[in-house]
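Colleague:
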Amino acid sequence: MSIQQKTGLEEQIPEQSVADYLERHPDFFRRHPELTERLRLPHECGDAVSLVQYQVRLLRDQHRRLERRLEDLVQVARDNDRLADRLQRLTLELMDARDLDSTLDTVADGLRLHFGADFVAMRLRAQGYGGDRAEFRNPNDPGFSLFREVFRAQRPRCGHFHDNQRSFLFGDSGTRVQSMAVVPLQHDGVTGLLAIGSLDAERYHSSQGTVFLRQLGDLTSHAVAARL
Numbered sequence: 205m206s207i208q209q210k211t212g213l214e215e216q217i218p219e220q221s222v223a224d225y226l227e228r229h230p231d232f233f234r235r236h237p238e239l240t241e242r243l244r245l246p247h248e249c250g251d252a253v254s255l256v257q258y259q260v261r262l263l264r265d266q267h268r269r270l271e272r273r274l275e276d277l278v279q280v281a282r283d284n285d286r287l288a289d290r291l292q293r294l295t296l297e298l299m300d301a302r303d304l305d306s307t308l309d310t311v312a313d314g315l316r317l318h319f320g321a322d323f324v325a326m327r328l329r330a331q332g333y334g335g336d337r338a339e340f341r342n343p344n345d346p347g348f349s350l351f352r353e354v355f356r357a358q359r360p361r362c363g364h365f366h367d368n369q370r371s372f373l374f375g376d377s378g379t380r381v382q383s384m385a386v387v388p389l390q391h392d393g394v395t396g397l398l399a400i401g402s403l404d405a406e407r408y409h410s411s412q413g414t415v416f417l418r419q420l421g422d423l424t425s426h427a428v429a430a431r432l
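As structure tokens, this is what we get:
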């Protein structure tokens with residue numbers, strides 16, 4: 205067969221037809237094992253490799269990716285275990301709290317001590333509260349409207365917030381907060397916000413999970429309502 209005939213034949217056989225044929229005949233290379241060594245495939249490193257070598261490299265790369273994925277899953281499980289232990293510790297401490305003051309202090313101190321929070325703030329509203337704790341605000345305080353979306357969604361929000369939002373929650377310290385988590389609180393007549401701030405701009409971000417924060421919000425709102 206001349207070179208021209210070979211070229212013409214190659215042009216008549218589309219690449220997709222070759223791929224389809226190999227998919228329909230998975231035993232092709234078993235029936236032609238010599239091709240696995242004769243076929244040379246270009247490699248990203250520049251050297252051509254045999255089909256067998258290419259497959260081995262693919263399997264090694266896949267194995268490394270699976271190992272990294274497994275390591276990530278193990279780390280997530282360990283992190284979740286640590287969070288569960290810390291949340292249990294905070295729960296026990298709240299059970300020992302005898303009044304509203306000690307309950308509010310336990311939440312703030314526990315988040316700093318057990319969870320490494322740089323800043324903790326609560327802004328609460330409850331009908332009939334007559335104390336002087338700074339956490340409680342006038343139910344009509346316009347600052348609450350800054351978090352209308354958080355109250356409407358009734359789920360935690362993490363990330364970066366506006367200056368006026370940080371100021372409402374953390375006062376003068378708000379300028380130091382680089383990222384934060386805001387958790388809505390609602391139970392038995394008590395509504396409000398629990399905020400955890402960080403000096404690290406990447407500590408809290410919109411894509412992170414909020415299961416722990418939801419549990420923390422439920423625990424806090426129930427504990428506060430029980431002491432009013």
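Numbering (the numbering used here), first residue to last: 205 to 432. Glycine included, C-beta positions come from ideal geometry on N, C-alpha and C. What you are looking at is a predicted structure, and each value in this text was computed from that prediction instead of being measured.
1. Considering just the uninterrupted stretch of the beta strand (DSSP E) at T395, what are its terminal residues?
2. What are the start and end residues of the beta strand (DSSP E) that includes R341?
3. List the endpoints of the continuous alpha helix (DSSP H) containing L420.
4. Look at the Cβ atom of L291, then the Cβ atom of F416, and state whether they are nearer than 8 Å.
5. Measure how close the beta-carbons of I400 and A338 come, nearest whole angstrom, since I'm counting them as under 8 Å.
6. Could you give the C-beta distance for Q382 and L403, rounded to a whole number, given that I count them as a contact under 8 Å?
7. For V412, which of helix, strand or coil comes out of DSSP?
8. If you compare alpha carbons, which of G378, M326 and L397 is closest to R352?
9. Taking 8 Å as the cut-off, decide whether the C-beta atoms of V311 and T424 are in contact.
10. Go through the region 259-334 residue by residue and report every complete run of the beta strand (DSSP E) that reaches 3 residues or more, in order.
11. Roughly how many whole angstroms lie between the Cα atoms of R261 and L270?
12. Go to L389, then tell me how far its beta strand (DSSP E) extends in each direction, as first and last residue.
13. Less than 8 Å separating the beta-carbons of F348 and R329?
14. Tell me, to the nearest whole angstrom, how far the beta carbon of F323 is from that of F374; I am working on the premise that it is less than 8 Å.
15. Exposed or buried, what is A427 when buried is set at 16 or more other beta-carbons lying within 10 Å of its beta-carbon?
16. Can you find the residues in the same chain that come closer than 7 Å, C-beta to C-beta, to F319, ignoring five residues on each side of it along the sequence?
17. Got a sec? Which residues, its chain only, sit under 7 Å from Y333 by beta carbon, not counting five neighbours each side?
18. In whole angstroms, what separates the C-alpha of Q390 from that of N342?
19. What residues match up with R361 in a beta bridge as DSSP calls it?
Modeller: Walking through what the data contain:
1. V394 to S402
2. First-last for R341: undefined, no H or E at that position.
3. V415 to R431
4. yes
5. About 17 Å; that fails the 8 Å criterion.
6. 6 Å
7. The question names Val, but residue 412 in the sequence shown is Gln. Coil, per DSSP.
8. L397
9. yes
10. 323-330
11. 14 Å
12. S383 to H391
13. yes
14. 6 Å
15. buried
16. R290
17. F340 and L432
18. 16 Å
19. V386
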